[in-house]
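Numbering (my numbering), first residue to last: 112 to 484. Ideal placement from N, C-alpha and C gives every residue a C-beta, glycine not left out. Computed from a prediction, not measured in an experiment: that's the story for all the values here. Below is one structure, written out as structure tokens; comments come after it.
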């Protein structure tokens with residue numbers, strides 16, 4: 112496939128690996144204390160495991176996994192609130208497939224559907240709006256979640272709903288923003304993060320300048336990278352060169368997709384519909400300041416929580432689970448005592464095992480034989 116095959120070319124991959132090995136000796140890191148590069152995005156994590164890139168790196172360079180999977184950080188209490196709304200007889204509750212099996216204290220949305228709730232998988236917020244227009248006797252609720260990547264589509268759909276005066280369409284907001292969680296990670300003592308591979312999809316919206324503080328204030332190099340093997344290895348090589356030179360800069364490997372200014376049209380839509388402010392709970396990480404999102408006053412009529420007034424719910428994860436440590440790069444999935452036993456893709460205990468972008472799901476899918484041995 113054009114535009115894909117060239118970024119999976121085995122010859123280019125091996126050239127980059129050889130270049131990394133040639134430069135690795137210049138790095139101020141050892142096998143005992145390697146250069147720890149956090150790949151923030153779950154899409155990066157799955158590509159790394161799918162193509163075995165972590166096994167090709169020099170022994171003084173290591174990937175650690177970050178919190179860039181929105182489904183993985185869904186708090187149990189938010190799932191319970193969704194179930195409360197979805198269980199109302201007049202409601203059709205719409206969600207993306209990844210969120211169906213995320214466990215709350217009272218089960219998952221899939222469990223709620225098995226108990227009789229009308230919960231449907233959709234592929235875009237526009238599908239939910241059409242459903243509302245075709246079912247005026249029902250209240251249709253769209254469960255909107257994700258980083259800045261998915262916020263523009265939600266914003267445009269709410270614009271359309273407002274313009275068409277659709278009065279039975281509601282939005283349950285679980286959008287969150289990326290930059291505050293990166294800052295929160297860096298504020299943690301002994302975080303062990305030496306450099307970042309930043310996600311291409313989020314960066315396509317917010318641009319590269321949003322990350323400047325990471326280089327200037329925290330002295331960590333960051334490279335925005337694509338999702339193919341050549342993209343990722345080029346990103347690692349760029350980070351290694353910065354470390355060798357003693358630099359801390361923001362660089363853009365993914366220029367074929369990501370403009371440095373981001374998508375200004377998408378940014379304008381987000382600004383019109385969403386107020387990006389307030390604190391938000393992240394599963395395994397606790398409250399992250401200034402990471403929350405809610406609807407502006409002009410769109411308050413579509414706010415599902417404002418309309419249905421559900422009870423505020425909160426629930427804590429099992430203390431045995433190490434989801435938070437995996438999300439912050441402090442441990443590998445297989446080091447969690449629940450991994451592969453109590454927590455598997457078939458009977459997931461944590462959201463990291465449920466999501467197609469979760470680090471635990473990637474480990475289980477691509478390294479299950481290792482874990483068994």
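First through last residue of the beta strand (DSSP E) which encompasses residue i
{"i": "residue 404", "result": "404-406"}
{"i": "residue 296", "result": "No beta strand (DSSP E) contains residue 296, which is instead part of the alpha helix (DSSP H) from 289-298."}
{"i": "residue 286", "result": "280-286"}
{"i": "residue 204", "result": "202-206"}
{"i": "residue 450", "result": "It is not in any beta strand (DSSP E) - residue 450 carries neither H nor E in the DSSP assignment."}
{"i": "residue 384", "result": "That residue, residue 384, is in no beta strand (DSSP E); its alpha helix (DSSP H) goes 375-384."}
{"i": "residue 146", "result": "146-152"}
{"i": "residue 231", "result": "230-232"}
Inter-residue spacing [alpha-carbon to alpha-carbon] between residue i and residue j
{"i": "residue 398", "j": "residue 392", "result": "4 Å"}
{"i": "residue 119", "j": "residue 338", "result": "10 Å"}
{"i": "residue 226", "j": "residue 374", "result": "42 Å"}
{"i": "residue 376", "j": "residue 368", "result": "15 Å"}
{"i": "residue 472", "j": "residue 219", "result": "17 Å"}
{"i": "residue 134", "j": "residue 340", "result": "19 Å"}
{"i": "residue 155", "j": "residue 310", "result": "7 Å"}
{"i": "residue 300", "j": "residue 129", "result": "34 Å"}
{"i": "residue 250", "j": "residue 126", "result": "56 Å"}
{"i": "residue 329", "j": "residue 296", "result": "11 Å"}
{"i": "residue 246", "j": "residue 236", "result": "15 Å"}
{"i": "residue 484", "j": "residue 366", "result": "Caution applies to residue 484, whose pLDDT of 46 falls short of 50 and renders its modelled position unreliable; the model cannot decide the point."}
Neighbourhood of residue i by C-beta distance below 8 Å, restricted to the same chain and skipping five residues each side
{"i": "residue 188", "result": "215, 216, 392, 423, 424, 425 and 426"}
{"i": "residue 348", "result": "127, 130, 131 and 134"}
Sheet register partners of residue i (DSSP bridge)
{"i": "residue 363", "result": "335"}
{"i": "residue 303", "result": "Note: residue 303 sits in no beta bridge, so no partner."}
{"i": "residue 474", "result": "Paired residues: none, contrary to the question."}
{"i": "residue 414", "result": "282"}
Spatial neighbours of residue i in its chain, beta-carbon cut-off 7 Å, leaving aside the 5 residues before and after
{"i": "residue 459", "result": "212, 214 and 465"}
{"i": "residue 223", "result": "194, 197, 198 and 230"}
{"i": "residue 332", "result": "306, 326, 350, 353, 354, 358, 359 and 360"}
{"i": "residue 240", "result": "268, 271, 272, 277 and 280"}
{"i": "residue 137", "result": "355"}
Alpha helix (DSSP H) segment containing residue i, residue limits
{"i": "residue 176", "result": "First-last for residue 176: 172-179, but that is the beta strand (DSSP E), not the alpha helix (DSSP H)."}
{"i": "residue 392", "result": "No alpha helix (DSSP H) holds residue 392; the beta strand (DSSP E) holding it covers 391-393."}
Contact set for residue i: own chain, Cβ-Cβ below 6 Å, skip 5 residues either direction
{"i": "residue 410", "result": "269 and 384"}
- prompt: Is it a yes or a no for the region 334-346 touching the region 157-171, going by three-plus beta-carbon pairs under 8 Å?
  reply: yes
query: Does the region 243-258 come close enough to the region 181-193 to have 3 or more Cβ pairs within less than 8 Å?
result: yes
- prompt: Would you call the region 413-420 and the region 276-286 touching, i.e. three or more CB-CB distances under 8 Å?
  reply: yes
message: Three Cβ pairs or more, each shorter than 8 Å: is that satisfied between the region 167-175 and the region 139-152?
response: yes
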